[in-house]
Structures are given as C-alpha cells and as structure tokens.
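Enquirer: In terms of the working numbering, the sequence shown is residues 1 to 138.
The C-beta atom is built at its ideal place from N, Cα and C for all residues, glycine as well.
Fair warning: this is a prediction, and the values are worked out from it, not measured in the lab.
Pasting a structure below so you can have a look.
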Amino acid sequence: MQVTDDRINAIDIRNAVKRYGDFTALKTISLSIRDNEFFTLLGPSGCGKTTLLRMIAGFEDVTEGEIFLFGDEIEKLPPNRRPINTVFQNYALFPMMTILDNVAFGLEMKGESKAAARKRAGEMLELVQLSQFSSRKP
1 MQVTDDRINA
11 IDIRNAVKRY
21 GDFTALKTIS
31 LSIRDNEFFT
41 LLGPSGCGKT
51 TLLRMIAGFE
61 DVTEGEIFLF
71 GDEIEKLPPN
81 RRPINTVFQN
91 YALFPMMTIL
101 DNVAFGLEMK
111 GESKAAARKR
121 AGEMLELVQL
131 SQFSSRKP
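What follows is the structure, encoded as structure tokens:
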C-alpha cells in the first residue's frame, strides 16, 4: 500500500537566481517546502542563505525564477503584502520602544488594535519565557 501526501507546498522556489550586475549572488536554486515541514537552510558564509531568505520575504528582487507561497506567485508582491516573517541576523529592534511594544509592532501594522496587539505580544513573550523583560527597552 502506497501512502500519498496530499499536503500542499508552503513554499515553492523554481529556478531562482539573484544577480547584482555581473555578480551572481545566488545560482539557480529550486526547492519545495511542505506545509508544517521542519526545514533548515545550512551553508558556509556567503553562499546565499540570507539572500534567498530576503528574496522570499521580498527584500531582494528575484533576477530570474519564481517563488510561490501556498500556490500563489509572490515574487512581484511587496514585502508588506507577503505573509512572511523574518528574524534579522542583525539587531532590528526599535530602541525607543519596550520589548512588549517591539513584539506588538508587527501586529499593529497588520491592523490589530493596540490593546489586542499588546495582549497577544504579552502571551507570546510568556510562551518563550521572556515576559519578565516586557517593560525593558532593548
């Protein structure tokens, strides 16, 4: 008996390339990541991991190829229209805001009320055992 997997791919990258002028930062890559699949992107410094993630998030244009999210082509969508979150490798917090407000910021930008966003952010800080830092500034 053969078991079939009917899960749709969460991410499909087809023949994606990133060039900066004559420099090829990311050679042709194709990959599929299933919904709810645990995926790790590993490689040495400078091999294109961050470039690929920035292309998926919309922070870098795709020179060639296509990127699909749950079957929808997304490489032409601006970053704020993509349901993608990014954890930056460099410091990316607002220093004038508390940790709670930094966590709530994205929800507020998506239209959540300030109260609802702060409540949800507080729940998430509690989940990752960081609620004791909620009133601190970074």
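What number of angstroms, rounded off, separates the C-alpha of proline 44 from the C-alpha of lysine 110?
Expert: Translated into the one-based positions of the sequence shown, residue 44 becomes position 44. Translated into the one-based positions of the sequence shown, residue 110 becomes position 110. Roughly 35 Å separates the two Cα atoms.
Enquirer: Go ahead and pull the three-state DSSP assignment for glutamate 75.
Expert: Along the sequence shown, one-based indexing puts residue 75 at 75. Three-state result, glutamate 75: coil.
Enquirer: DSSP has aspartate 22 in a bridge; who is on the other side?
Expert: As a first step, residue 22 is located in the sequence shown; it is residue number 22 there, counting from the start. Looking at the DSSP assignment, aspartate 22 forms no beta bridge with any residue, so it has no partner.
Enquirer: With H, G and I counted as helix, E and B as strand and the rest as coil, what does DSSP make of leucine 93?
Expert: For this step, residue 93 is matched to residue 93 along the sequence shown. Here leucine 93 sits in coil by DSSP.
Enquirer: Can you tell me whether isoleucine 8 is buried or exposed, with buried defined as 16 or more other CB within 10 angstroms of its CB?
Expert: By one-based count along the sequence shown, residue 8 stands at place 8. Counting Cβ neighbours within 10 Å, isoleucine 8 comes out exposed, since fewer than 16 surround it.
Enquirer: For lysine 49, which of Phe38, Ala10, Gly65, Ile29 has the nearest alpha-carbon?
Expert: Position 49 of the sequence shown, counted from the start, is the residue given in the question as residue 49. Lysine 49 has its Cα closest to that of Ile29, out of Phe38, Ala10, Gly65, Ile29.
Enquirer: Give every residue of the same chain whose Cβ lies closer than 8 Å to the Cβ of arginine 120, excluding the five residues on either side of it in the sequence, and list them in chain order.
Expert: Numbered from 1 along the sequence shown, position 120 holds the residue referred to as residue 120. Contacts found: Ala104, Leu107, Glu112.
Enquirer: Assign lysine 27 to one of three DSSP states: helix, strand, or coil.
Expert: By 1-based counting over the sequence shown, the position of residue 27 is 27. Strand, per DSSP.
Enquirer: Looking only at C-alpha atoms, which of Met97, Arg118, Arg54 sits nearest to arginine 87?
Expert: One-based indexing of the sequence shown puts residue 87 at position 87. Per the sequence presented here, residue 87 reads as valine, with arginine not at that position. Ranking Met97, Arg118, Arg54 by Cα distance to valine 87 puts Arg54 first.
Enquirer: Is there contact here, the region 15–22 with the region 53–70, by at least three beta-carbon pairs under 8 Å?
Expert: Yes, since at least three Cβ pairs between the region 15–22 and the region 53–70 fall closer than 8 Å, the two stretches touch.
Enquirer: Just how far apart, CA to CA, sit leucine 127 and leucine 93?
Expert: Translated into positions along the sequence shown, residue 127 becomes position 127. Translated into positions along the sequence shown, residue 93 becomes position 93. Cα to Cα, the separation comes out at about 20 Å.
Enquirer: Note down, in chain order, each residue of its chain lying with its Cβ closer than 8 Å to the Cβ of arginine 14, except the 5 sequence neighbours on either side.
Expert: For the purposes of this step, residue 14 is taken as residue 14 along the sequence shown, with counting starting at 1. For arginine 14, where only same-chain residues beyond five positions count, the Cβ hits under 8 Å are Ser30, Gly65, Glu66, Ile67, Phe68.
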